[in-house]
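Undergrad: If you scroll down you'll find the structure; I have some questions about it.
Protein chains: 2
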Amino acid sequence: MDFFFKPSGIALIGASANPQKGGFAILNNLKTGFDGGIYPVNPRYEEIDGVPCYPSVADVPDPVDLAIVFVPGHRVAEVIRACADRGIRGVMIESGGFSEAGPDGAARQETLDAVAEETGIRLWGPNCMGLVDAKRRYVFSFVSPVIWEEGLLSGEVSMVVQSGMLSGAFLIDVMTHGGMGISKVCSIGNKCDVDECDLLEYLIDDPDTGVIGLYLEGIADGPRFLALCRRSPKPVVMLKGGKSDRGARAAMSHTASMAGDAAVLGGALAQVGVVEADDFKEMMDICRTLAAFPDAAPGNPGRMAVLTYTGGAGIVSADRLDEAGIPLADLSAETIDRLKTVFPDWMPVSNPVDLWPAVERHGAEKTFNAAVAAVCADPGVDGVFVHVFTGGFALNPDIPGMVKTARDAGKPIFCWLLGRRDDARRLQIEAQELGMPVYREIGRAVECIAAVFRRKMDGVDLVDGVDRVDAGAMPESAAAELTGEGALDEHRSKKILSLCGIPTVDEAPAATVHDALAAAERFGYPVVMKGLLPGEVHKSEGGLVRLGVGDPAAVEAAFADLTARMEGRGTVLTQRRIAGDLELILGLVRDPQFGPCVMCGFGGVLAEAVGDAQFAVAPLSVREALALIGRLKAQKLLDGFRGAPPVDRDALARILVRLGDLGTAFPQIREVDINPVIIQGGRPVAVDAAVILSP
Amino acid sequence: MDFFFKPSGIALIGASANPQKGGFAILNNLKTGFDGGIYPVNPRYEEIDGVPCYPSVADVPDPVDLAIVFVPGHRVAEVIRACADRGIRGVMIESGGFSEAGPDGAARQETLDAVAEETGIRLWGPNCMGLVDAKRRYVFSFVSPVIWEEGLLSGEVSMVVQSGMLSGAFLIDVMTHGGMGISKVCSIGNKCDVDECDLLEYLIDDPDTGVIGLYLEGIADGPRFLALCRRSPKPVVMLKGGKSDRGARAAMSHTASMAGDAAVLGGALAQVGVVEADDFKEMMDICRTLAAFPDAAPGNPGRMAVLTYTGGAGIVSADRLDEAGIPLADLSAETIDRLKTVFPDWMPVSNPVDLWPAVERHGAEKTFNAAVAAVCADPGVDGVFVHVFTGGFALNPDIPGMVKTARDAGKPIFCWLLGRRDDARRLQIEAQELGMPVYREIGRAVECIAAVFRRKMDGVDLVDGVDRVDAGAMPESAAAELTGEGALDEHRSKKILSLCGIPTVDEAPAATVHDALAAAERFGYPVVMKGLLPGEVHKSEGGLVRLGVGDPAAVEAAFADLTARMEGRGTVLTQRRIAGDLELILGLVRDPQFGPCVMCGFGGVLAEAVGDAQFAVAPLSVREALALIGRLKAQKLLDGFRGAPPVDRDALARILVRLGDLGTAFPQIREVDINPVIIQGGRPVAVDAAVILSP
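This is the structure we're talking about:
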């Protein structure tokens, strides 16, 4: 892919001498920053603006390995062929008129695919704004020259943006407002060939990129995407467009009905350590923060010291940190003594630290520097959140001094800034260059602080000692159960789960009433009795469930009644009654983008009320399964609710791992619902289940 | 209060000729904008900067009705006395060194209270930054002169800010970044006399104020505050500092344990139509939005048309609107036809409307104007969310044209803006002055759109036909039950509720086993039997509850066992068993700030898992009670969950009204817990309850 990012020469096909046209803007941008050969192609000109122009790409001299194409859509295919003939390796197609432009455009794009396949040339676009590389000053784009006037502020953040206009508009906004350094912005458009995975792969290994931000409306290859994110040592932040537009999904199971695109995507991203954003600027703020502090050490709790010049902002910061689950540091006695040296005697020192009374005595510079030094020396402080005002009140701080102190102590420092507009911008750029991210809102600052301390790589290891389920190791008897189509009955479903090592409730099918009585005797009264009809998932609605069958007479009556209701077609099942503390729903669903995914959620009334179900992509490790369980919102229900013993999370995680393995090993399984898994004395037991096979 | 806001003359006590001092800054600010008499007081000077200076306030000539005091804290009391002697009516104390400054300061502040009481003079502050009135150009404050250099941008939003430094810092930030017009900023400091209620009352009637924003860390007089908010025809937006710091509360009841400060405050604010904000800039953004569109007509669903130049931002807008519960408008066939006149043929028109292909053909100005006109003419569109880019790409829009079209159609229009920094600021100020609020983030824009369409005045009417409970109307027999202290037993508690018109479960205390058998016969088997011990709230833990007593023999056994367990002290209660679809918890708690408050939440496992309980301040109307129920998050549980009939919301609301009345009428009631209220066939019935009396 280097020919896209570091070409030795570029043919610009569709160059124009008309300053109103994109073909002029691209040439102009190339001339301003690109240091290789620039070869405009247009038979109408001999030269444009002093640069020799060529009638066709065949006439372009060496070196040339990249073509930028900005000719009308219907001419693009022939141009690409000519590029391939000329030995050019990559083409960036910035023209529109393809799949975004109705059926005719879609047909044109299919032609491009064919040409790429045929010639082996790589295509970037079409319908995109190309590439901006702020470090190299390469602008392979018709983006407005405004970005040059304001200075391309280079930094560590690279972005891949699916929307063309947005990438351009956003870039100019970000560049001109300051405080955000960019490495590369890749506008990928309709991605007929080069897609987000190709670019992600390139950027992961790109020494100029520290953090990767993605705005995507769809992911071409889910498994490859997740594998890349998983192996990326660099933080990846993603904004996904189109979350509310849930794909219609045939839902036979509860699991499938919960598996909206956003839920599955959210689980998959969390699993591979991608930070999700909800808005463009939020994404940029998280990116620039992670560029400054790529990752806190594992287990760093992020105990923050808040230093402020106004008690009110200290209070609001404490409120927002509390909501985000970021603890306020307990300052040590030594730190408090150090702070007292700048405070008036009457002032009690606590965190947040309101420095105003000290600033009044010693000035802002001395006070803030002393306070940063004191909290940075405290082993109970993991990071500093400092509030700064600039442009009045003699509050101007010593930014380099504070940043240096924090850096020397190895502690991230974050800044909330108010101030006079131009002063604030200058300070923001200065701080940002020194490595202290600056925010204009406390809430956003806290969100970014949380991203630093809470970003987790859940899914690194797959070595965790649990027996994995694979197709080869499944007993023949179990594989034999995976026949037919649609929902297997409860008993067959649980037999399969049990063979995978998932604990299931004791139960016995009963051909005769004597079988049922014997089973009841074995399990102890009361028992549960059910009528199983082939293909029937909703037993309760059909009156085929008896929950508290208390004695032999009741067993006889239930057997007779269930048999009669099923008109001789089904089976009667006798089951040990499990009295539990909590019901969960576990499941497996096959996502069109990511393949088999497991779900864990709360059951019963909670399923309806809370809708709290979390997903992860299979196969997953025990550690990933534990992380999935940890993402459930109502954690306190798992931690020993109302005097019950806490849920055995390891046992639950192992069930999830095996469920995922089952889906991975057997593609004929479309869905699995284990509903409920009852937690009895802390241990999960599958009480009812349906394995659903594809037709 | 006019002498604070429109004084005819001001004595500045503590004026200084030293430009580094606040006493100079205040004088300078007065000279720049104030058009009445200005009288610096300081025995050390004959004149300061050309203004005659007086040795004492007694020497100050007329007209003078306000004093601004900036002398050291220990001298303030004597100065106030001198002001009172001089006939001055109000004093704004901007000096610090009072309750914020340790025990000595607190004692000094108490002296101020005494002087105010003694002389009748009104005191504003101390420890505050006074008042800025951008419309009149009055700056009664030591705030930095920077605000003059940047131009005081006047507008409709007035603010009351408890934190001094914050008000000044924030003001300079807001003023210099543009786009936000201010009417008055009142920094109230330690509020020893004039408090948020006094200012709220003034601002509600102030013709220059359209919207009121409050940053408060505490509310001095809860009931007065709520009454003022309730009667305010102007939107009130509030940011409360200190939410995470929940006051420790003695909790005998579930209700009390749920009644954190934030929960009660949130309920109270929602009840009187105050919009809550979580951050300073968020508060300002909501304020300026509501200044443009103070309130949508009741019942306006806020169906939005989104007009964008980039599909990606359209998608993200749709996602955020969906999450906020704001619907996307279904464009009419006529609107789509109108839009098609600017679109290329292949382009399907849908909402969000991606205008880029049309902009390419007709330019931004024509396209955006045509699109705004088309959607504004659509009766199915209630508001327009337009995305604008400025500074490149020939995308500059016709702001006045779009705003006029929307205004003529009576539809709110909101703008998300990206762009080159200076262009963006100019556009923002222009748009803001024309009445179109501009946002830099889609998420924030959507939050403000939601504030316009979702702001509700729940609590206007108290006339709704429900029988109110008052002390006089309570039967003597009921009042007689309100004796003793601590928790009344379940039966007495429900008797009181029943006398207030709250439906309770059928039950009968049994002196003998024959009474119990007779009651069981009357209610039908199975029944519930309980042992009631005086002062014992937790019957289950004591083994004093029998849930399914199935026949006369079981009644006899239960009676004997309960009697034995209670060792002759308590009463046995026989109760009809209620099989319900859903459990709720209703309650009453006495909040230190707002007095009696009712609560409604989900019971059972949901209470622990969701923590979804809503509060309102009593007394409340049925409409307020319905609104409280409507604020519960898990609404779908109320709407006929799993085939159950929907909850009778009117009946539930009437219980809440009566519960609130009970707390209002009888101050000796400290808490009430009705846990559970079971919903049976849609109707709520109180099944267990505890009325807790104050000692």
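Protein chains in written order, with my numbering: chain X, 1 to 695; chain H, 1001 to 1695.
We treat Cβ as the ideally placed atom computed from N, Cα and C, and that holds for glycine.
The alpha helix (DSSP H) spanning Leu1628/H covers which residue range?
TA: As a first step, residue 1628/H is located in the second sequence; it is residue number 628 there, counting from the start. Per DSSP, Leu1628/H belongs to the alpha helix (DSSP H) from Val1622 to Arg1631.
Undergrad: Here's the rule: buried if 16 or more other CB atoms are within 10 angstroms of the residue's CB, otherwise exposed. What is Pro379/X?
TA: Residue 379/X sits at position 379 when you count from the first residue of the first sequence. It is exposed - the Cβ of Pro379/X has fewer than 16 other Cβ atoms within 10 Å.
Undergrad: Output needed for Ala106/X: all residues of its chain with C-beta closer than 6 Å, excluding positions within five of it in sequence on either side, in chain order.
TA: Along the first sequence, one-based indexing puts residue 106/X at 106. Answer for Ala106/X: Ser99, listed in chain order.
Undergrad: Go through its chain and collect everything with a Cβ distance to Val1264/H's Cβ below 6 Å, but skip five positions before and after it.
TA: The residue labelled residue 1264/H in the question sits at position 264 within the second sequence. The answer, listed in chain order, is Asp1591, Cys1597 and Phe1615.
Undergrad: Checking contacts by CB at 7 Å: is His1074/H closer than that to chain X?
TA: Taking the first residue of the second sequence as position 1, residue 1074/H is located at position 74. Put simply, the CB of His1074/H is far from chain X, with every gap to its CB atoms at 7 Å or more.
Undergrad: How do the segment 336-345 of chain X and the segment 294-308 of chain X stand: do at least 3 beta-carbon pairs fall below 8 Å, yes or no?
TA: No, because fewer than three Cβ pairs between the segment 336-345 of chain X and the segment 294-308 of chain X fall closer than 8 Å, the two stretches do not touch.
Undergrad: Extract the residue ranges of the beta strand (DSSP E) inside the segment 102-158 of chain X, only unbroken runs of 3 or more that lie entirely within it.
TA: 122-124, 130-133 and 138-140
Undergrad: Give me the residue from Val1211/H, Ala1510/H, Leu1586/H and Pro1437/H with the minimum Cα distance to Gly1568/H.
TA: As a position in the second sequence, residue 1568/H is number 568, starting the count at 1. With distances taken between Cα atoms, Gly1568/H lies closest to Ala1510/H.
Undergrad: Is the number of C-beta pairs between the segment 36-44 of chain X and the segment 2-12 of chain X that are closer than 8 Å three or more?
TA: yes
Undergrad: Grab me the residues of Leu1321/H's own chain with a C-beta within less than 7 Å of its C-beta, minus the 5 sequence neighbours each way, in chain order.
TA: Here residue 1321/H corresponds to residue number 321 of the second sequence, with the count starting at 1. Met1304, Leu1328 and Val1446.
Undergrad: Could you confirm whether any beta carbon from chain X is found closer than 7 Å to the beta carbon of Asp1101/H?
TA: For this step, residue 1101/H is matched to residue 101 along the second sequence. Looking at the sequence shown, residue 1101/H is not Asp but Ala. Judged by the 7 Å Cβ criterion, Ala1101/H is in contact with chain X.
Undergrad: If I follow the unbroken alpha helix (DSSP H) through Phe170/X, where does it start and stop?
TA: The residue given as residue 170/X occupies position 170 in the first sequence. From DSSP, the alpha helix (DSSP H) with Phe170/X extends over Gly164 to His177.
Undergrad: Residues of chain H with CB closer than 8 Å to the CB of Gln162/X, please, in chain order.
TA: Numbered from its first residue, the first sequence carries residue 162/X at position 162. Ordered by position in chain H, the residues that pass the 8 Å Cβ test against Gln162/X are Gly1312.
Undergrad: By the three-class DSSP mapping on this structure, what secondary structure does Gln635/X have?
TA: Sequence index remark: in the first sequence, residue 635/X carries index 635 (1-based). Three-state DSSP puts Gln635/X in a helix.
Undergrad: What are the boundary residues of the beta strand (DSSP E) that Glu276/X is part of?
TA: Looking up residue 276/X in the first sequence gives position 276. Run containing Glu276/X: Val275 to Ala277, per the beta strand (DSSP E) assignment.
Undergrad: Just to confirm the assignment, what range does the alpha helix (DSSP H) spanning Gly663/X have?
TA: For the purposes of this step, residue 663/X is taken as the residue at position 663 of the first sequence. Per DSSP, Gly663/X belongs to the alpha helix (DSSP H) from Arg649 to Ala665.
Undergrad: Rounded to whole angstroms, what's the CA-CA distance from Thr1119/H to Arg1081/H? Just pull it up for me.
TA: Start at 1 with the first residue of the second sequence, and residue 1119/H comes out as number 119. Start at 1 with the first residue of the second sequence, and residue 1081/H comes out as number 81. Between Thr1119/H and Arg1081/H, the C-alpha separation is close to 7 Å.
Undergrad: Find the residues of chain H that neighbour Lys281/X, judging by a C-beta separation of less than 8 Å, and give them in chain order.
TA: Here residue 281/X is taken as the residue at index 281 of the first sequence, counted from 1. Those within 8 Å of Lys281/X in chain H are Arg1440 and Glu1441.
Undergrad: Would you tell me roughly how many angstroms separate the C-alpha atoms of Leu693/X and Val1545/H, rounded to the nearest one?
TA: By one-based count along the first sequence, residue 693/X stands at place 693. By one-based count along the second sequence, residue 1545/H stands at place 545. One alpha carbon belongs to Leu693/X, the other to Val1545/H, and they sit about 47 Å apart.
Undergrad: Could you tell me the alpha carbon to alpha carbon distance between Lys1240/H and Val388/X, rounded to whole angstroms?
TA: Stepping through the second sequence from its first residue, residue 1240/H is reached at position 240. Stepping through the first sequence from its first residue, residue 388/X is reached at position 388. Taking the straight line joining both Cα atoms gives about 21 Å.
Undergrad: For Val446/X, would you say it is in contact with chain H, using Cβ-to-Cβ distances shorter than 7 Å as the test?
TA: The residue labelled residue 446/X in the question sits at position 446 within the first sequence. No, its Cβ sits nowhere closer than 7 Å to a Cβ of chain H.
Undergrad: Could you tell me whether the Cβ atoms of Glu94/X and Cys128/X are closer together than 7 Å?
TA: Here residue 94/X refers to the residue found at position 94 of the first sequence. Here residue 128/X refers to the residue found at position 128 of the first sequence. Closer than 7 Å, so yes.
Undergrad: State yes or no: is the beta carbon of Leu1637/H nearer than 7 Å to at least one beta carbon in chain X?
TA: For the purposes of this step, residue 1637/H is taken as the residue at position 637 of the second sequence. At a cut-off of 7 Å between C-beta atoms, Leu1637/H counts as an interface residue with respect to chain X.
Undergrad: Tell me Thr571/X's beta-bridge partners as DSSP assigns them.
TA: Residue numbering aside, residue 571/X sits at position 571 when the first sequence is read from its first letter. Answer by DSSP bridge pairing, in chain order: Leu532/X.
Undergrad: Taking the alpha helix (DSSP H) that Phe1641/H falls in, what are its first and last residues?
TA: Stepping through the second sequence from its first residue, residue 1641/H is reached at position 641. Looking at the DSSP string, Phe1641/H is not in any alpha helix (DSSP H), and its letter there is neither H nor E.
Undergrad: Among residues of its own chain, excluding the 5 on either side of Asn1018/H, which ones have a beta-carbon nearer than 8 Å to its beta-carbon?
TA: Counting from 1 along the second sequence, the entry for residue 1018/H is found at position 18. Once the five neighbours on either side are set aside, the close Cβ partners of Asn1018/H are Phe1024.
Undergrad: For Ala377/X and Val316/X, what's the separation of their Cα atoms in angstroms?
TA: Position 377 of the first sequence, counting from 1, holds the residue named residue 377/X. Position 316 of the first sequence, counting from 1, holds the residue named residue 316/X. The alpha-carbon atoms of Ala377/X and Val316/X are separated by roughly 25 Å.
Undergrad: List the whole-angstrom C-beta distance separating Met529/X from Val555/X, where the pair is believed to meet the contact cut-off of C-beta under 8 Å.
TA: One-based indexing of the first sequence puts residue 529/X at position 529. One-based indexing of the first sequence puts residue 555/X at position 555. Their Cβ separation, rounded to whole angstroms, is 7 Å, which keeps Met529/X and Val555/X in contact under 8 Å.
Undergrad: Under 6 Å Cβ to Cβ from Met436/X, same chain only, skipping five residues before and after it: list those, please.
TA: In the first sequence, residue 436/X corresponds to position 436, counting from 1. Same-chain partners within the cutoff: Val403, Ile413 and Cys415.
Undergrad: With a 10 Å radius around its C-beta and 16 neighbouring C-beta atoms as the bar for buried, classify Pro61/X as buried or exposed.
TA: Indexing the first sequence from 1 puts residue 61/X at position 61. It counts as exposed.
Undergrad: Whose CA, out of Val1139/H, Pro1552/H and Ala1653/H, lies closest to the CA of Leu1027/H?
TA: If you number the second sequence from 1, residue 1027/H lands on position 27. Of the listed residues, the one whose Cα sits closest to Leu1027/H is Val1139/H.
Undergrad: Taking just the CA atoms, how far does Ala1313/H sit from Thr761/X?
TA: This structure gives no information on residue 761/X, because the portion of chain X shown stretches from 1 to 695.
Undergrad: Which stretch, first to last residue, makes up the beta strand (DSSP E) that contains Asn675/X?
TA: Looking up residue 675/X in the first sequence gives position 675. Start and end: Ile669 to Gln680.
Undergrad: Kindly give me the distance between the Cβ atoms of Gly954/H and Val1672/H, rounded to whole angstroms, as I take these residues to be in contact under 8 Å.
TA: This structure gives no information on residue 954/H, because the portion of chain H shown stretches from 1001 to 1695.
Undergrad: What separation, rounded to the nearest whole angstrom, lies between the Cα atoms of Ala1570/H and Leu1562/H?
TA: Here residue 1570/H corresponds to residue number 570 of the second sequence, with the count starting at 1. Here residue 1562/H corresponds to residue number 562 of the second sequence, with the count starting at 1. The residue asked about is misnamed: residue 1570/H is Gly in this sequence, not Ala. Using only the alpha carbons, I get a separation of about 9 Å.
Undergrad: Does the separation of the CB atoms of Ala220/X and Leu497/X fall below 7 Å?
TA: For the purposes of this step, residue 220/X is identified with residue 220 of the first sequence, where counting begins at 1. For the purposes of this step, residue 497/X is identified with residue 497 of the first sequence, where counting begins at 1. No, Cβ-Cβ distance for Ala220/X and Leu497/X is not below 7 Å.
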